[in-house]
Amino acid sequence: MAEARRIDGKAVAAGIIDRVKAATTALTADGGPQPGLAVVIVGADPASQVYVGSKEKMARECGFHSVKHELSAETSEADLLAVVERLNADPAIHGILVQLPLPRQIDEARVIEAIDPDKDVDGFNLINVGRLATGALDKAFVPCTPAGSMILIRGALGDDLSGLNAVVVGRSNIVGKPMAQLLLAANATVTIAHSRTKDLAAVCRNADILVAAVGRAEMLTGDYVKEGAVVIDVGINRVPAPEKGEGKSRLVGDVDYASAAARAAAITPVPGGVGPMTIALLMANTLTSACRAAGKAPPRL
Ligand SMILES: Nc1nc(=O)c2c([nH]1)NC[C@@H]1CN(c3ccc(C(=O)N[C@@H](CCC(=O)O)C(=O)O)cc3)C=[N+]21
Numbered sequence: 001m002a003e004a005r006r007i008d009g010k011a012v013a014a015g016i017i018d019r020v021k022a023a024t025t026a027l028t029a030d031g032g033p034q035p036g037l038a039v040v041i042v043g044a045d046p047a048s049q050v051y052v053g054s055k056e057k058m059a060r061e062c063g064f065h066s067v068k069h070e071l072s073a074e075t076s077e078a079d080l081l082a083v084v085e086r087l088n089a090d091p092a093i094h095g096i097l098v099q100l101p102l103p104r105q106i107d108e109a110r111v112i113e114a115i116d117p118d119k120d121v122d123g124f125n126l127i128n129v130g131r132l133a134t135g136a137l138d139k140a141f142v143p144c145t146p147a148g149s150m151i152l153i154r155g156a157l158g159d160d161l162s163g164l165n166a167v168v169v170g171r172s173n174i175v176g177k178p179m180a181q182l183l184l185a186a187n188a189t190v191t192i193a194h195s196r197t198k199d200l201a202a203v204c205r206n207a208d209i210l211v212a213a214v215g216r217a218e219m220l221t222g223d224y225v226k227e228g229a230v231v232i233d234v235g236i237n238r239v240p241a242p243e244k245g246e247g248k249s250r251l252v253g254d255v256d257y258a259s260a261a262a263r264a265a266a267i268t269p270v271p272g273g274v275g276p277m278t279i280a281l282l283m284a285n286t287l288t289s290a291c292r293a294a295g296k297a298p299p300r301l
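The sequence shown begins at 1 in the UniProt record's numbering and counts up one residue at a time.
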């Protein structure tokens, strides 16, 4: 089998961003609100800082009102909840993202449940989890990483995934579970596998669509990949790269790209695959929220 097609998530994301920009211009020209995104970060984790910075920059590029709240690592849960309440009440804000993970003293679930479900552009609030699980996709905010992955899968295989086996490796609330829900809604036959799955490689080799969200660098090698499968690598792992110089690192996924690409039909790289899609879908969700707030139908991006 020939080397897999490399799915260019960066290019697909750029197309979505262009459409978000155009729709934002149209919305405001039509008397609608300027979409507003608030990103809240607690503590100064360097990786988190980078992601938050790129979200803020992208929001500005889209023509959004963009605000960033940087709180110290010692912030109390009550203080963070007060910030969320202020943003819930602020009519200029349509999307609220509280960067995860949060420091130990803060109960993540409590914070997520405090976000107004109609401003929950991450799609992590129980109301949105329930909307997705019950198929109320017109009202739900769908988590950005699974939603972005789904666009790449549909680009490779089409809208209807009937008759295809999908295996999602990883069962997190932010990726694995919503990913499985979306694949199910598209009529795939879905298996959720994880670290305790017996003979994981054999389960994965059954997948026409393999989604890797385990959080272990390059764990899924070619042995896990069916010939002709579509492989979506959600992992973002920073590993040492002494070949680039002392103290240097590089980004790798949960899939061993070279061996998996030798068997797959199409595969996402890391970086340049799912990551840029996550940010693009965050912008799309924020635009959707602003449209809904104005009683206008959100555009199909
Ligand atoms: N409430 C919340 N929502 C999130 O969506 C969220 C979060 N918390 N916490 C952290 C993770 C991580 N995340 C990424 C988004 C984009 C890239 C991305 O664009 N990555 C580039 C590479 C970036 C680089 O070079 O470091 C790529 O894959 O090509 C990565 C990671 C969103 N997260």
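From the three backbone atoms N, C-alpha and C, an ideal C-beta is built for every residue, glycine too.
Beta-carbon contacts of residue i that lie in its chain and below 8 Å, excluding the five residues immediately before and after
i, result
"residue 195", "214"
"residue 80", "40, 42, 71, 98, 102, 106, 111"
"residue 205", "223, 224, 225, 226"
"residue 48", "41, 99"
"residue 274", "9, 145, 148, 149, 152, 232, 233, 234, 268"
Beta-carbon proximity of residue i to residue j, cut-off 9 Å
i, j, result
"residue 260", "residue 228", "no"
"residue 234", "residue 134", "no"
"residue 2", "residue 299", "no"
"residue 293", "residue 65", "no"
"residue 254", "residue 237", "yes"
"residue 59", "residue 286", "yes"
"residue 180", "residue 230", "no"
"residue 4", "residue 265", "yes"
"residue 174", "residue 116", "no"
"residue 20", "residue 284", "yes"
"residue 85", "residue 68", "no"
"residue 291", "residue 27", "yes"
Element boundaries [alpha helix (DSSP H), containing residue i]
i, result
"residue 234", "Residue 234 -> no alpha helix (DSSP H), and no H or E assigned at all."
"residue 50", "46-61"
"residue 76", "From DSSP, residue 76 is part of no alpha helix (DSSP H); its letter is neither H nor E."
"residue 111", "108-114"
"residue 27", "9-29"
Contacting residues, own chain, Cβ-Cβ under 7 Å from residue i (five flanking each side not counted)
i, result
"residue 280", "13, 16, 17, 148"
Neighbourhood of residue i by C-beta distance below 6 Å, restricted to the same chain and skipping five residues each side
i, result
"residue 161", "186, 187, 188"
"residue 262", "222"
"residue 390", "Nothing can be reported for residue 390: it is not among the residues displayed for the chain, which extend from 1 to 301."
"residue 184", "190"
"residue 88", "116"
"residue 277", "9, 13, 148"
"residue 11", "none"
N-terminal and C-terminal residue of the beta strand (DSSP E) that residue i is part of
i, result
"residue 67", "65-71"
"residue 270", "Careful: residue 270 lies outside any beta strand (DSSP E) and carries neither H nor E."
"residue 38", "36-42"
"residue 96", "95-98"
"residue 104", "Here residue 104 belongs to no beta strand (DSSP E), and DSSP marks it neither H nor E."
Anticipated Cβ contact below 8 Å, residue i with residue j, distance rounded
i, j, result
"residue 289", "residue 90", "That pair is no contact at about 13 Å."
"residue 176", "residue 168", "5 Å"
"residue 140", "residue 128", "5 Å"
"residue 178", "residue 220", "Their Cβ separation, rounded to whole angstroms, is 20 Å, which puts residue 178 and residue 220 out of contact at 8 Å."
"residue 73", "residue 44", "7 Å"
Handout entry: Whole beta strand (DSSP E) elements within the region 117-189, 3-residue minimum
Key = 165-169
Handout entry: In chain order, each alpha helix (DSSP H) run of at least 4 residues that lies wholly inside the region 195-232
Key = 200-204
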